[in-house]
Every structure is written in C-alpha cells, then in structure tokens.
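The structure appears right after this line, and notes come after that.
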Amino acid sequence: MLAASAAWLAGCAAPRIDTRFAAVSQGPRVDLVVLHYTALDFDASLRVLTQQEVSSHYLVDIDPPTIYRLVPEDRRANHAGQSAWAGRTLVNMSSIGIEIVNPGRVFTPEGERYAPYPQAQIDAVIALLRAITARWGIPRERVVGHADVAPGRKQDPGPLFPWKRLADAGLALWFDEGLAAALRPHFEQALPPLPWFRQRLAAFGYALPQGEGERLDTPTRDVLVSFQMRFRPARWDGQADAETAAILVALTTS
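Heads up: the sequence shown is residues 117 to 370, going by the working numbering.
Right, here's the structure in full:
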C-alpha cells in the first residue's frame, strides 16, 4: 500500500521546467492606470466596489484621504467596462483602476456642476500613482481617465480633476501651454479639417474611426469632449476649434 501511494505521489509531482530561454516578445501584464470618480459617497462606493459586479484595485476616500486596496494589483478588477486605448481593447485585462470618492456631477441652485477634488485627496492619489507606476514601469502617457478609454459612455474623473498637478509630478501628460498659445492664432486663420483632428486624437490614444469625412459625427464629438475635459476644462463643447487644434499639436510635439 505504501509503495502504491508513493508511486501515485510521484506521478503527481510538478514537472521539471527549463527556464534557460526567454522570449524577446514579452512585457508586464499591467501597463495602464485608469482614474475614475465614484459618483457616490464613501460608504456607497465601498459597498458597490466590494459587493457587486464592478470593482477597482484602489479606492481613495476624501476625509481623511485614506487609500483602500480592494483588489491585488496582479489580479483583474472590473473597472473600465467596454473600453479601448492606444489600439488595445479590454482595458481591464492590462490596467490598474483607481476609484476616487467624488460625487461627480452635482445639482445646485445655479444649475448642474462638477465637484472639485480636495488637495489632500489628490496628494494621496499622487503618492499612490507614484508607487504604482514605479512598481510596474508605467510611463506617464499611460495614466488616463475613464473618459479617455470610454468616451461618450463615461465622463470621469471629470473636468475639475487636476491633471496638470499630476503632470507637474511627472505622472501624466500635459501640453506646452506657451506653444499652444502661439499656435492658436494660426489655427484661427486656417482651421484643420475634421480628418486632421481624428488622426491626431487617434495617434494620442483614443479609439476613433477615421472614415466620417467632414461630418462631426457622434464618436468624434464624444472624443473631443473627453479630450477637452482633460486639457481644456473651461469649455468642453465637443467642437473642433482652433484652441483644441493648438493643444493637440502642442501635446503631441512636446
């Protein structure tokens, strides 16, 4: 009996694996960070992200600005949904999601507006991003918003998210503001055609069909809104205008 058991155990032993050779075509499983706002308070955010079909790797509260890890970084979280960036779909498979407690759009007597982010909370986000990007070797151009990977469907982290603060910390892209200001009069004299905007936006990373000619179709408008929310939050009307053209050139040449 003992001999039979030993033989059975030997048959179940792990196979010998030769690791002397490594393929050139490989990379980290995580190469993107996606930022979100929760549109809920902390308690509701925690309940949704831990007990329902959506999840994120991290949740950053407001007061105090506590960072909660909900999903280990080496496991998939269901935070991006139907999404694409830089030619790759299924963003959940290769990204880390950070949900930031923020109500998003709020209604006031003056009308609908977006809620700002407290400085201490953004400090916590920056510290978290610095650790994640260092750990995985993620470059600053691979830190994006949910609205970037799902334009039209999502608006978070919204126009009041301080992308420039992240850029100043070396954790996100920003454009050369002086160059954009210098280029704007040129584009006011001669605005590029819509295919030019589509090509530049797609080169930046947005998933955008290129075959709609001069008609401002819904996918192009949605991408323009996402781009403007991030880089020109004072006005995000989805129009292909001179200032947007100048920012696009300054961003993609800096």
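All C-beta atoms in this analysis are idealised placements derived from N, C-alpha and C, irrespective of residue type, glycine included.
Given this structure, state the Cα-to-Cα distance separating residue i from residue j, to the nearest angstrom.
i: E330; j: R163; result: 46 Å
i: S161; j: D134; result: 46 Å
i: A356; j: Y174; result: 35 Å
i: Q235; j: A285; result: 14 Å
i: G268; j: P144; result: 29 Å
i: A298; j: A362; result: 8 Å
i: I183; j: G274; result: 20 Å
i: H262; j: Y230; result: 16 Å
i: E169; j: L186; result: 13 Å
i: W279; j: Q167; result: 30 Å
i: I238; j: R246; result: 12 Å
i: A240; j: P180; result: 10 Å
i: L156; j: R191; result: 24 Å
i: F291; j: R136; result: 45 Å
i: Q142; j: E293; result: 37 Å
i: L165; j: P131; result: 39 Å
i: H302; j: A318; result: 22 Å
i: M209; j: I178; result: 28 Å
i: W201; j: A129; result: 42 Å
At what residues does the alpha helix (DSSP H) containing residue i begin and finish?
i: G294; result: 293 to 305
i: L156; result: Looking at the DSSP string, L156 is not in any alpha helix (DSSP H), and its letter there is neither H nor E.
i: T360; result: 358 to 369
For residue i, which beta-bridge partners are listed by DSSP?
i: F137; result: Per DSSP, none; premise fails for F137.
i: A202; result: Per DSSP, none; premise fails for A202.
i: L151; result: I214, G261
At which residues does the beta strand (DSSP E) containing residue i begin and terminate?
i: G143; result: Looking at the DSSP string, G143 is not in any beta strand (DSSP E), and its letter there is neither H nor E.
i: I183; result: 183 to 185
i: R221; result: 221 to 224
i: G227; result: 227 to 230
i: S211; result: 211 to 216
i: L287; result: Unbroken run through L287: none, as it is neither H nor E.
i: V176; result: 174 to 176
Check whether the Cβ atoms of residue i and residue j lie closer than 9 Å to each other.
i: T205; j: S199; result: yes
i: T360; j: R346; result: no
i: V149; j: V260; result: yes
i: E304; j: I248; result: no
i: G321; j: E257; result: yes
i: W252; j: V365; result: no
i: D333; j: L151; result: no
i: V217; j: Y153; result: yes
i: A172; j: A193; result: Strictly speaking, residue 172 in this sequence is Ser, with Ala absent from that position. Yes, the Cβ-Cβ distance between S172 and A193 is below 9 Å.
i: T368; j: R300; result: no
i: I242; j: L287; result: yes
i: G197; j: A266; result: yes
i: V341; j: L324; result: no
i: P311; j: Q326; result: yes
i: R351; j: T336; result: no
i: L276; j: P232; result: yes
Contained alpha helix (DSSP H) runs [length at least 4] in the region 237 to 278, N- to C-terminal order: 262 to 265
Secondary structure, alpha helix (DSSP H): runs of 4+ residues fully inside the region 304 to 349: 310 to 320, 334 to 347
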